[in-house]
Amino acid sequence: MAELDQDLVDALRKARKIAVLSGAGLSAESGVPTFRGPEGLWKNHDPTELATAEAFRRDPALVWEFYNWRREKVLSVEPNGAHRALVDIEARVSECTHITQNVDGLSQRAGARRLIELHGNLFATICFDCRRPRTDLPEIVPHPSYCECGGLMRPGVVWFGESVPAFETALAALPGTDLFLVVGTSALVQPAASLAMIAKQSGAHVAEFNLEPTPLTASLDFAVHGPVGTTLPALMAAAFH
Ligand code: BV8
1 MAELDQDLVD ALRKARKIAV LSGAGLSAES GVPTFRGPEG LWKNHDPTEL
51 ATAEAFRRDP ALVWEFYNWR REKVLSVEPN GAHRALVDIE ARVSECTHIT
101 QNVDGLSQRA GARRLIELHG NLFATICFDC RRPRTDLPEI VPHPSYCECG
151 GLMRPGVVWF GESVPAFETA LAALPGTDLF LVVGTSALVQ PAASLAMIAK
201 QSGAHVAEFN LEPTPLTASL DFAVHGPVGT TLPALMAAAF H
């Protein structure tokens with residue numbers, strides 16, 4: 001693991017306002033497959049092909065099978081040290097907002113309170129037509145179900161090609177941020193990935209924690225390469241313990 005940059009440790013210790021953008025790499029060490037990693041493919045389907053309204057319209061049973069598989073997977077795993085390190089930052093810094101692309105709910109299970117789920121939540125079930133949530137369905141939806149309005153029930157996540165309502169809330173959390181952490185994301189999905197440069201342009205130092213470089217790395221102030229289950233707890237230990 002790269003030595004932690006002392007300037008980064010100092011920036012974290014001194015920060016009064018922090019924002020975090022996380023992606024699937026945050027949950028990888030819990031055993032949740034990432035979107036684009038070697039284990040990211042599901043039954044020879046490309047997840048990004050299944051995470052669309054078109055795929056759902058075409059074959060709701062297949063898409064529900066994909067989401068039920070992910071729900072079962074997430075129900076069987078636990079948050080990891082990286083989720084807990086981000087909750088620790090939230091407890092120690094006067095203002096910390098965690099903006100996640102993940103829909104797995106593991107940050108909530110780790111105790112996160114100031115969390116923005118940009119892409120929704122895997123366990124939410126809403127009507128495709130009227131968007132009304134259904135809370136009376138089992139966690140594993142056995143077969144396509146219908147809303148009283150006649151619409152088909154779908155997972156309450158944001159699919160590719162769908163607008164990201166929570167993006168405005170995420171933007172509003174950026175002004176005055178001293179330090180912006182980009183954690184476990186390939187920085188390919190928009191508009192989520194744009195938050196890092198917006199934070200940088202509004203004066204934040206930006207640090208990336210990832211296994212490998214991303215399209216953002218060259219523009220950022222710090223890059224810590226290694227598994228976030230190790231690098232984030234190490235940063236917390238260096239800054240606060
Ligand atoms: C929108 C919810 C407009 C669902 C997700 C061309 C055609 C069509 C669309 C587009 C296009 N070009 C751009 C777009 C827009 C599109 C987009 O960005 N596409 C990309 C792929 C090119 N974006 C959209 O469609 C968005 N909407 O633009 O709407 C609009 C506006 C108004 C009105 C109508 C429409 C909506 C995007 C949201 C899609 N939904 N998720 C679900 O989960 O099922 S996105 C999905 O990808 C997940 O949320 C995931 O989190 C996210 C991003 O991926 P990552 O999290 O980064 O995961 P990935 O596997 O890629 O990377 C993991 C990283 O972790 C890697 O870097 C790896 O090295 C690292 N890692 C792994 N293990 C570790 C680790 N790092 C450290 N430690 C480890 N242990």
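Following the numbering used here, the numbering of the sequence shown begins with 1 at its first residue and continues without gaps. Note that beta-carbon positions come from the ideal geometry of N, C-alpha and C, so glycine has one too. None of the values given here were measured: they were computed from a predicted structure.
Sequence-distant Cβ neighbours of residue 128 in its own chain, meaning closer than 6 angstroms and more than five residues away, are 151, 152 and 154. Inter-residue distance for residue 111 and residue 87 is about 6 angstroms (C-alpha atoms, whole angstroms). Taking all protein chains in view, the Cβ of residue 147 is crowded by 16 or more other Cβ atoms within 10 Å, so the residue is classified as buried.
Annotation note: the segment 27 to 79 contains the following uninterrupted alpha helix (DSSP H) runs of length 4 or greater, listed N- to C-terminal: 47 to 50, 53 to 58 and 60 to 75. A buried status is given to residue 210, since no fewer than 16 other beta-carbon atoms sit within 10 Å of its beta-carbon. Residue state for residue 160 is assigned as strand, using DSSP reduced to three classes. Secondary structure at residue 25: helix, using DSSP grouped into helix, strand and coil. The C-alpha of residue 70 is placed about 32 angstroms away from the C-alpha of residue 95. When only Cα atoms are considered, residue 186 and residue 24 end up about 9 angstroms apart. As the crow flies, the alpha-carbon of residue 181 is around 14 angstroms from that of residue 13. Pairing residue 75 with residue 63 gives a Cβ-Cβ distance that is not under 7 angstroms. Where residue 240 is concerned, the enclosing alpha helix (DSSP H) starts and stops at 228 to 240.
Under the three-state reduction of DSSP, residue 13 is assigned to helix. Leaving aside the five residues that flank residue 37 on each side, the residues in its chain whose CB is nearer than 8 angstroms to its CB run, in chain order, 24 and 28.
Looking at the backbone, the Cα of residue 168 and that of residue 194 are separated by about 12 angstroms. By the criterion of at least three beta-carbon pairs nearer than 8 angstroms, the segment 210 to 230 is not in contact with the segment 51 to 59.
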